[in-house]
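J.: For the sequence shown, UniProt numbering assigns the number 486 to the last residue and increments by one with no breaks. Glycine included, C-beta positions come from ideal geometry on N, C-alpha and C.
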Amino acid sequence: MNPTDDPTPLPSDSPSASPSARPTPTTMVPTDYPTPTYVGSYFQTKPTRSPVTYPTTEMPTESPSTASPTKSPAEPTSFPVDTPAPTIETGQPTDSGTASPTSVLIGPIESAGLSVTLIGIRVLPDIEEWELATGNFYNQQYDKDRGVGSGVYGVNAKIVYTGQAGSEPTRRRNRRLNENTTRELQTNSLVVTYTQITTYRTDDPNLNIEQIIEMPLQTPVQRDRYVGTLKRTNNGYDQLTDVSGITATDDIPIDNPDSGKDGTEAAGGGGLSTGVIAGIAAGGAVVVALAAGLLYYRARGGSSDNTSGAFASATAGTSSMGDPTRGTSSSLPTYGDTSVATVDYDYSRAYGNAGNHSLSDAGGTLGSRTRQTTGAEIPGSGNTIFSDDPTFDQAYENVREELIDVYAPAGKLGVVIDTPDDGAPVVHAVKDTSPISDRVQVGDKLVAVDGEDVRAMTAIKVSKLISKKSTNPSRKLTLIRHVSTH
């Protein structure tokens, strides 16, 4: 069947063999809402219920939004710049605090020329034992001082013995029973020199080694403990009664009295020889004989001017010395247990009497005077050896102070300086070999060295100052001496 040009009013019974030339267009039923167009928009969004005539979004820009690019990176600096480290927050506090920071260990520092005086003995029973006992005691005292704020801790002190020398009997007061007066008895003493090697820590920047080495024997309590320590160490210290504080010598080692096998001093030493000891013993026997003769004469009840004069001069060297502090406010210095006399010194020097000793730049020579005693001054026969003798008290009725300048040569002086009771430095001992032994006396107060005031200095500082000037051709030592005026 051939298709017709126009559709027939009625459909045919059967479909035609070929379709018509064009299909009949049919439209769909309109929807309530517009559907999206086939052309996509810049922003794929759903259409709004009420379409607008213009787009709600702006068109994209053709160039970047910034007006111009940022500046180029800055040039590197010539020196690095420290940037603060970031603060890191800590966690919860710990249950216990951390230990305090540990200060730097100082030393070892070697301090030579130190000395300590042992009252009551004449020789060390065992040198190595003394070194060990003294070192242990010093370290114990440093540990105890830590608790009272001394500023030093972790101290390790090693003691090295360098010498010892027995000195003339020192003065020690003894109160008699049932009387208010005092007599001075004589006791043996031993000056021991040593070197201390110290390492320590300190949190006090003003603390120096001179102050540290004086600490172990600085107080009477410490010195009493030291005496007890030595007595527990060896029976040879049974006669030890007291010790002095720690002092510094003028770089002069004191010789060991036992250094010579036959009792004589070693080469270059200053110890006592057998001859000297024998001479001292003979002199003591003479004094005892004179005193015994005088007692016998007293018992007979007679006296004479010559005998009384001899008695006055003889007893001046015995142990019953009068109290030198009586009769004037400027009394003779008594240095207690911290002062010892020098080896083989004259008692007139120790107690301030004016002997035949020329004084450099002191305005002349102090002349010697022999005090005459009348028979009326001697106590009656009813007195005993323990009775008061007015001649002793009269010997020290009037005492004055004299300022003396002593010019010392270059080199070592052989003088030991001490500062008892935190006072001015005092001549503690003078060796027989000292070049100024005839001008300096035990008990002289040292107030200036080459015009520099040393009254407030410690013994160690004064000794170092004198040693520092040892190469000078001359050194002026300004001293104050107590001199009897009658």
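#1: Once the 5 residues before and after G107 are set aside, which same chain residues still bring their CB inside 7 Å of it?
#2: Report the rounded CA-to-CA distance for S330 versus T193, giving the unit in angstroms.
#3: Put G237 into one of helix, strand or coil per three-state DSSP.
#4: I'd like to check one pair, P216 with Q164: are the Cβ atoms closer than 7 Å?
#5: So L124 is in the beta strand (DSSP E); what residue range does that whole segment cover?
#6: Look at S434 and G414 and say whether their C-beta atoms are less than 7 Å apart.
#7: Output the distance between the C-alpha atoms of R481 and V227, rounded to the nearest integer angstrom.
#8: Can you tell me which of the three DSSP states T135 falls into?
#9: Please classify S484 as buried or exposed, where buried requires at least 16 other C-beta atoms within 10 Å of its C-beta.
#10: By Cβ distance, which residues of its chain are closer than 8 Å to F137, with the 5 residues on each side in sequence left out?
#11: Can you tell me whether Y237 is buried or exposed, with buried defined as 16 or more other CB within 10 angstroms of its CB?
#12: Shortest alpha-carbon distance to I246 belongs to which of R439, V29, Q211, N235?
#13: Please report the straight-line C-alpha distance between S417 and D453, rounded to a whole angstrom.
#14: Going along the chain, which residues of its own chain have a beta-carbon closer than 8 Å to the beta-carbon of D126, five neighbours each way excluded?
#15: Should S115 go down as buried or exposed, given a rule of 16 or more other Cβ atoms within 10 Å for buried?
#16: I need the straight-line Cα distance from A285 to I404, nearest angstrom please.
#17: Cα-Cα, which of L294, G113, V152, H428 is closest to D204?
#18: Would you kindly work out how many angstroms separate the C-alpha atoms of T342 and L207, rounded to a whole number?
#19: Measure the Cβ-Cβ separation of V406 and V440 and say whether it is below 7 Å.
#20: State the Cα-Cα distance for the pair V155 and D143, rounded to the nearest angstrom.
#21: Are the Cβ atoms of A248 and S437 separated by less than 7 Å?
#22: Please go through the same chain and pick out, in chain order, the residues whose beta-carbon is closer than 7 Å to the beta-carbon of E110, but skip the five residues on each side of it.
#23: Excluding five sequence neighbours on each side, which residues of the same chain lie with their C-beta closer than 7 Å to the C-beta of T471?
#24: Along the chain, where does the alpha helix (DSSP H) that runs through K468 open and close?
#25: In chain order, what residues of the same chain lie with their CB nearer than 6 Å to the CB of A112, ignoring the 5 residues before and after it?
#26: Below 7 Å between beta carbons: does that hold for L240 and I121?
#27: Per DSSP, what kind of secondary structure is L446 in: helix, strand or coil?
#28: What are the partner residues of L479, as DSSP defines its beta bridges?
#29: Mapping DSSP to helix, strand and coil, what is Y194?
#30: Provide the residue span of the alpha helix (DSSP H) that contains I246, from first to last.
#31: Taking DSSP as the reference, what is the three-state secondary structure of V343?
#32: Tell me which residue opens and which closes the beta strand (DSSP E) that I417 is part of.
#33: Would you report the Cα separation of Q218 and S244, rounded to the nearest angstrom?
#34: So for L105, helix, strand or coil by DSSP?
#35: For the candidate residues T202, P220, R232, whose alpha-carbon lies nearest to that of E129?
T.: With the structure as the only source:
#1: A distance below 7 Å between beta-carbons, with the five flanking residues on each side excluded, links G107 to the following residues of its chain, in chain order: T198, T199, Y200.
#2: Note that S330 scores a pLDDT of 36, beneath 50, so its modelled location is shaky; the value from the coordinates is reported in the next line. Straight-line Cα distance between these residues: approximately 33 Å.
#3: Going by the sequence as given, residue 237 is Tyr instead of Gly. Three-state result, Y237: helix.
#4: No Cβ-Cβ contact shorter than 7 Å links Q164 with P216.
#5: Note, L124: premise wrong, no beta strand (DSSP E); not H, not E.
#6: yes
#7: 32 Å
#8: First, the amino acid is wrong: residue 135 is Gly here, not Thr. It is helical.
#9: buried
#10: P216, R225, Y226, T229
#11: buried
#12: Q211
#13: First, the amino acid is wrong: residue 417 is Ile here, not Ser. For I417 and D453, the distance between alpha carbons rounds to 15 Å.
#14: N234, G236
#15: Counting Cβ neighbours within 10 Å, S115 comes out buried, since at least 16 surround it.
#16: 36 Å
#17: V152
#18: Any reading at T342 needs caution, since the residue's pLDDT is 34, under 50, leaving its predicted position unreliable; the model's value is listed next. Computed Cα separation, rounded: 32 Å.
#19: yes
#20: Roughly 8 Å separates the two Cα atoms.
#21: The answer is no: Cβ separation not under 7 Å.
#22: T195, I197
#23: A410
#24: First-last of the alpha helix (DSSP H) with K468: 459 to 468.
#25: T195
#26: yes
#27: strand
#28: I404, L446
#29: It is a strand residue.
#30: I246 -> no alpha helix (DSSP H), and no H or E assigned at all.
#31: With a pLDDT of 32 at V343, under the threshold of 50, the predicted position of this residue should be treated as unreliable, though the coordinate-derived value follows. V343: coil per DSSP, three-state reduction.
#32: Start and end: 415 to 418.
#33: C-alpha separation (whole angstroms): 9 Å.
#34: coil
#35: R232
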